[in-house]
Amino acid sequence: MTYRKLLHYLPLLVILFLLHTSCEKFTGDQTTPAYIRIDSITLSTNYSTQGTKSHSITDAWVYVDDELIGAFQMPATFPVLKSGNHQIKILPGIKKNGIAATRTVYEFYQPIVKNVILGELDTASLGFGSTSYQSTTIFSWKEDFDEMTTSLDTTPSSLVPIRLTTTGSDSTFEGLHSGMAVLDSVNDFFECQTHNEYPIPNSPVFLEMNFNLQNSLTVGVVLYSSANLIQLPIMTLNPTNGIWKKIYIDLTTSLNAYATMQTYRVYFGTFKDAGVLRPTILFDNFKVVTRN
Numbered sequence: 005m006t007y008r009k010l011l012h013y014l015p016l017l018v019i020l021f022l023l024h025t026s027c028e029k030f031t032g033d034q035t036t037p038a039y040i041r042i043d044s045i046t047l048s049t050n051y052s053t054q055g056t057k058s059h060s061i062t063d064a065w066v067y068v069d070d071e072l073i074g075a076f077q078m079p080a081t082f083p084v085l086k087s088g089n090h091q092i093k094i095l096p097g098i099k100k101n102g103i104a105a106t107r108t109v110y111e112f113y114q115p116i117v118k119n120v121i122l123g124e125l126d127t128a129s130l131g132f133g134s135t136s137y138q139s140t141t142i143f144s145w146k147e148d149f150d151e152m153t154t155s156l157d158t159t160p161s162s163l164v165p166i167r168l169t170t171t172g173s174d175s176t177f178e179g180l181h182s183g184m185a186v187l188d189s190v191n192d193f194f195e196c197q198t199h200n201e202y203p204i205p206n207s208p209v210f211l212e213m214n215f216n217l218q219n220s221l222t223v224g225v226v227l228y229s230s231a232n233l234i235q236l237p238i239m240t241l242n243p244t245n246g247i248w249k250k251i252y253i254d255l256t257t258s259l260n261a262y263a264t265m266q267t268y269r270v271y272f273g274t275f276k277d278a279g280v281l282r283p284t285i286l287f288d289n290f291k292v293v294t295r296n
């Protein structure tokens with residue numbers, strides 16, 4: 005067959021290949037799928053002990069009778085080769101460190117479990133699921149800026165103080181206040197850290213936060229031993245163009261980077277970005293979570 009003729013038949017070959025692979029996917033006792041629809045997942049909290057119910061749950065990791073079907077960005081409708089009564093388990097998923105390529109189950113949120121009757125070609129709509137924190141979750145640090153004092157201290161190097169936004173203003177994310185820092189050409193460096201040190205656990209540790217930035221902001225940890233300290237940046241958050249965002253930052257690897265370190269603080273810092281006259285940094289609802 006000539007090259008020209010091969011090009012002529014190429015679309016047909018592609019279609020035959022897709023049909024073949026689709027048939028292979030549905031081999032077995034059942035060849036016609038049922039469908040499941042999940043619109044979104046919300047978070048419920050006990051505010052006094054767990055803080056805000058703000059979240060950024062983007063994905064559903066779905067199991068049918070403990071068999072992984074897949075991870076789906078919501079809202080999602082997807083096929084399953086099952087019929088009859090089945091247990092559906094949904095694990096809430098996030099973008100770890102805000103990166104789409106690192107989508108993962110957030111292990112501090114409870115799975116959602118439902119019994120569903122599936123019918124061939126029918127869609128079982130699970131609608132809007134709700135999750136909560138696992139009972140084993142430990143909240144090492146919480147700060148929502150609703151008190152007149154905060155659990156963050158500016159460092160001696162900082163030229164900018166932490167301020168509180170006005171209640172009810174557009175700058176306040178929720179509650180009475182959010183945290184705020186304003187930089188300019190003279191006061192061009194901001195740095196703060198948690199007032200307390202926390203023991204480094206033998207468990208995963210995540211920082212949750214809401215933020216709205218006109219300037220970049222670096223997030224990291226300061227590690228302490230009996231003899232010295234090490235300051236480790238973890239990631240830099242980019243300006244958000246006036247939009248509040250929620251992020252889950254994995255602290256685990258950095259906290260365990262040096263075997264002799266015993267405690268840590270979380271820190272935030274930045275110089276004023278070039279080309280921005282008077283950038284405002286807004287943040288709220290800090291949580292450091294780990295588990296027993």
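Mapping the sequence shown onto my numbering, position 92 (from 1) lands on 96, and the numbers just tick up by one. All C-beta atoms in this analysis are idealised placements derived from N, C-alpha and C, irrespective of residue type, glycine included. If you're wondering where the values come from, they're calculated on a predicted model, not measured in any experiment.
Chain-order list of residues whose beta-carbon lies under 7 Å from that of residue i (same chain, five-residue window excluded)
i: T159; result: E195, C196, Q197
i: H181; result: F149, D150, L168, T169, T171
i: E147; result: T154, S155, L156, F290
i: G273; result: F194, E195, T222
i: S229; result: T264, M265, Q266
Beta-carbon proximity list for residue i, same chain, < 8 Å, skipping 5 on both sides
i: T135; result: I45, T46, L47, S48, I61, P96, Y113, Q114, P115, I116
i: D126; result: A38, Y39
i: Y51; result: K57
i: W145; result: S155, T198, N200, Y202, V270, F290, K291, V292
i: N191; result: L163, V164
i: P208; result: E111, D254, T256, T294, R295
i: I204; result: L227, L259, N260, M265, Q266, T267, Y268
Environment of residue i [buried if 16+ CB atoms lie within 10 Å]
i: K86; result: buried
i: M184; result: buried
i: Y268; result: buried
i: D174; result: exposed
i: A105; result: exposed
i: G133; result: buried
i: V164; result: buried
i: A278; result: exposed
i: M152; result: exposed
i: N232; result: exposed
i: L187; result: buried
i: K118; result: exposed
Residue i - partner residues in DSSP beta bridges
i: K250; result: N214
i: Y262; result: DSSP lists no partner for Y262.
i: I98; result: T108
i: L156; result: T198
i: S129; result: R41
i: I234; result: L227
i: V190; result: Paired residue(s): none; V190 is not in a bridge.
Own chain partners of residue i with C-beta closer than 6 Å, once the 5 adjacent residues on each side are dropped
i: S258; result: V225, L236, I238
i: I121; result: N89
i: V109; result: W65, L95, G97
i: L130; result: I42
i: Q218; result: P243, P283, T284
Can you list, in chain order, the stretches of the beta strand (DSSP E) that have 3 or more residues and sit fully within the stretch 47 to 89? 63 to 68, 71 to 77, 80 to 84
- Task: Kindly confirm or deny that the stretch 226 to 240 and the stretch 284 to 296 touch, where touching means at least three C-beta pairs closer than 8 Å.
- Result: no
- Query: So, do the stretch 214 to 222 and the stretch 68 to 85 have three or more beta carbon pairs nearer to each other than 8 Å?
  - Reply: no
> With contact counted as at least three CB pairs below 8 Å, one residue from each stretch, are the stretch 76 to 94 and the stretch 50 to 60 in contact?
Replying inline: no
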